[in-house]
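Peer 1: Would you mind keeping the following structure in view while I ask a few things?
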Amino acid sequence: KIALIVPDESIVPLLRSFDRAQNFNFAMGQSFREDISYKFLDQLHNYLSGDGVAKEFLQHNSFDFSLAIPAEAIGVEEFFALLKTLNIPRFNSETLLEELEKVNLLESYYRFVHIFKTRELHFKEWLFIWLHELGEHSIDDTRGGKVTVMGLLESRGILFDGVVVLDFNDDKAPSVSNKDRFLNSSVRAAAKLPTKTDRENLQKHYYARLLEKAKSSVLIYSSSDNAQPSKFLYELGVAGSIKRYKTPHELLFNTKSNYNAYKHMDDIEFDFDAHATVWSASKLKTFLECRRKFYYRYIKGLQEVRESELNDGAILHTLLYRVINPQSSYSESSELKKALLQEMAKIESADNRLPYKRLLWDAMLDGFVQKQIEHFRSGWQVANCEFEASGTIAGLEFKGRIDRMDSKDTQSLIIDYKSGSIQSANGSKIENLADFQMSIYAKLLDRPVDNIDIAFVEILNGGKLTYLQSPQEKEEKLLEHIEYLKSQKSLRAERCEDLQKCRYCPYTLLCHRGEYL
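Following our numbering, the numbering of the sequence shown begins with 193 at its first residue and continues without gaps.
In structure tokens:
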């Protein structure tokens, strides 16, 4: 009999994910929160609360959005009757009671119905309460693994031939709960409550009994990130037998199944017709930087998950569009700054960082305001803002959205707002350039290069206006790339060589790349 003792049970889901051979038998079971039916119900609740990502999860799992969920309050039996029609795992109409009995939830179900039989709530409220009830349960592990995984307290009174204690570090052994920190030891002693020392001594006794009765035992602790071994090592008298081992990564990653699963990744080829799509600067940039990313996003249609958090660039673009447009005119810095602050106060977001962002932008926009006033005083006027431009470039259809265009006499100036670095967009190495946004805009406006200037405005970097380097050479390079696109009938979806580009790529897992792999 072998036991794997975990001082901190939060590591159990990780152990379960690596237990491919099903050697483990988890005595604490599996939290119902990890069950697919709970996750489905949780995402349904999130969707009803307005979460767009939850809707994508439900769509992926073929949820029928045509089913009507009543807006009025309903009883508990009506709630479960409706739940049966939603085709959710474990909760369909045919096998509900049998499924609940399998996971020891039948008694909880009847108790829940009995307690709330006279109440009426909205469907989302019932769902919230039922999720709370389900989250308190666990599912027994019936796989029958030969190695028992359990917490320290569960091991009391049980003898094992072999014992392995995982994460025997000072922050986990002894394990001190928050309730033990509520009162100091003297107050606890006066109230005849167990003190912190009492609990530590009790845990040390449990560990000592496990190790003494076992024929063989191993204590494992981590030395990474300045982690320290538990003081129990010394108090139990085993510190002298410490051996340092290198992590056996091959046990985790060098498996034949993993290799076979991703072997096809280098053999993706697809039919390609550059004339069959409308190109944009971002689509062309993706194509030039990584063919695999282009394949996933534009050929397979795998869209990134939209972030609900505050997007600095998008908000600043909207702010400037409202303040600086063809209908506005500013001659003084104070006038422009006042207009920016007024519009900034109207910005709404659920992100609790917004008040901090407002203060930060207030300070960082001073340089931008000053530079814009100098720009207007030199004779420039805003001709257009946030407008669509489309057309044909060397036989291919392109479209784009231009932030701003100013005019002065017979001269035009295309302006692209940047809240971050302009290095990739304004690079001088033409051969490695992938961002042709401004060159595309100039071609779409059908103006000769010598009659139009192209510049970037660094909003949060003093408002500096930087003109596009080598516009003629970049236009020529753009046309070279377009000719290449038109000549291709099929393409190989090769992965990019620069792994830095993979760091924030949404398709890292599909490519079998990334730091965590």
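Glycine residues also receive a C-beta, built at the ideal position from the N, C-alpha and C atoms.
#1: Give the single residue among V379, L533, K563 and V410 whose Cα lies nearest to the Cα of L551.
#2: Go to K591, then tell me how far its beta strand (DSSP E) extends in each direction, as first and last residue.
#3: Taking the beta strand (DSSP E) that E650 belongs to, which residues open and close that run?
#4: Please name the residue or residues paired with T389 in a DSSP beta bridge.
#5: In whole angstroms, what separates the C-alpha of V649 from that of T510?
#6: Please list, in chain order, all residues of the same chain as S414 whose beta carbon is under 8 Å from its beta carbon, the five residues on each side excluded.
#7: Pop quiz: K364 and D200 are said to be a contact at Cβ under 8 Å. What is the actual Cβ separation, rounded to whole angstroms?
#8: For V410 and V357, I'd like the C-alpha separation in whole angstroms.
#9: Which residue or residues does DSSP assign as beta-bridge partners of N576?
#10: Using three-state DSSP, classify M342 as helix, strand or coil.
#11: Would you list the one or two residues that DSSP bridges to A195?
#12: Should R335 be labelled buried (16 or more other beta-carbon atoms within 10 Å of its own) or exposed?
#13: Which partner residues of D211 appear in the DSSP bridge assignment?
#14: Roughly how many angstroms lie between the CA atoms of F272 and A419, to the nearest whole one?
#15: Would the stretch 520 to 538 count as touching the stretch 607 to 615 if we require 3 or more Cβ pairs under 8 Å?
#16: Using CA coordinates, which residue listed in N217, L403, D645 and M630 is at the minimum distance from Q603?
#17: Let me confirm a value: G592 is counted as buried when at least 16 other C-beta atoms fall within 10 Å, else exposed. Which label applies?
#18: Using a Cβ-Cβ cutoff of less than 6 Å, which residues in the same chain neighbour S582 once the five nearest sequence positions on both sides are dropped?
#19: Taking the CB atoms as reference points, tell me whether G493 and S408 lie closer together than 8 Å.
#20: In chain order, what residues of the same chain have a beta carbon less than 7 Å from the beta carbon of P421, not counting five sequence neighbours either side?
#21: Across which residues does DSSP place P421 in a beta bridge pair?
#22: Ignoring anything shorter than 4 residues or poking outside the stretch 229 to 296, list the alpha helix (DSSP H) runs there in chain order.
#23: Are there 16 or more other CB atoms within 10 angstroms of the CB of F210, so buried, or fewer, so exposed?
#24: Would the beta-carbon of I331 fall within 8 Å of that of G221?
#25: Can you list, in chain order, the residues of its chain whose CB lies under 8 Å from that of I261, leaving out five sequence neighbours each side?
#26: So, at 7 Å on beta carbons, what are the nonlocal neighbours of I507 in its own chain, with the 5 sequence-adjacent residues on each side left out?
#27: Ends of the alpha helix (DSSP H) at T510?
#28: Using alpha carbons as the reference points, say which of I651, E226 and Y633 lies closest to Y513.
#29: Go through its chain and collect everything with a Cβ distance to F218's Cβ below 6 Å, but skip five positions before and after it.
#30: Does the beta-carbon of T478 have 16 or more other beta-carbons within 10 angstroms, so that it is buried, or is it exposed?
#31: Which same chain residues, not among the five before or five after I460, have their C-beta less than 6 Å away from its C-beta?
#32: In the DSSP assignment, find the unbroken alpha helix (DSSP H) run with S300 in it and report its ends.
#33: Applying the criterion that 16 or more other CB atoms from any shown protein chain within 10 Å of the CB defines a buried residue, is F579 buried or exposed?
#34: Determine whether the beta carbon atoms of R705 and C482 lie at a separation below 8 Å.
#35: Going straight from the alpha carbon of V305 to that of D227, what length do you get?
#36: Does the stretch 569 to 577 come within contact of the stretch 594 to 601, defined as at least 3 CB pairs closer than 8 Å?
Peer 2: In short:
#1: The candidate whose alpha carbon is nearest that of L551 is L533.
#2: Taken as a continuous stretch (DSSP letters only), the beta strand (DSSP E) holding K591 covers L588 to K600.
#3: I644 to E650
#4: Partner(s): none; T389 has no beta bridge.
#5: If you take the alpha carbons of V649 and T510, they lie about 15 Å apart.
#6: D359 and N361
#7: Right, the Cβ-Cβ distance comes to about 5 Å (below 8 Å), so this counts as a contact.
#8: 6 Å
#9: M597
#10: strand
#11: The bridge partners DSSP lists for A195 are T340 and V355.
#12: exposed
#13: Paired residue(s): none; D211 is not in a bridge.
#14: 49 Å
#15: no
#16: D645
#17: Residue burial annotation: G592 is buried, with at least 16 other C-beta atoms found within 10 angstroms of its C-beta.
#18: K591
#19: Pairing G493 with S408 gives a Cβ-Cβ distance that is not under 8 Å.
#20: So the qualifying residues of the chain are F360, N361, D362 and Y413.
#21: According to DSSP, which records beta bridges pairwise, P421 is partnered with N361.
#22: 244 to 252, 268 to 276 and 288 to 294
#23: Burial state of F210 is exposed, judged by a 10 Å Cβ sphere holding fewer than 16 other Cβ atoms.
#24: yes
#25: L240, L274 and F315
#26: I539
#27: Element bounds for T510: D504 to V515.
#28: The option with the nearest alpha carbon to Y513 is I651.
#29: D333 and V341
#30: Result: buried.
#31: A685
#32: L298 to I307
#33: By the 10 Å Cβ count, F579 comes out exposed.
#34: If you check the CB distance, R705 and C482 do not come in under 8 Å.
#35: 22 Å
#36: yes
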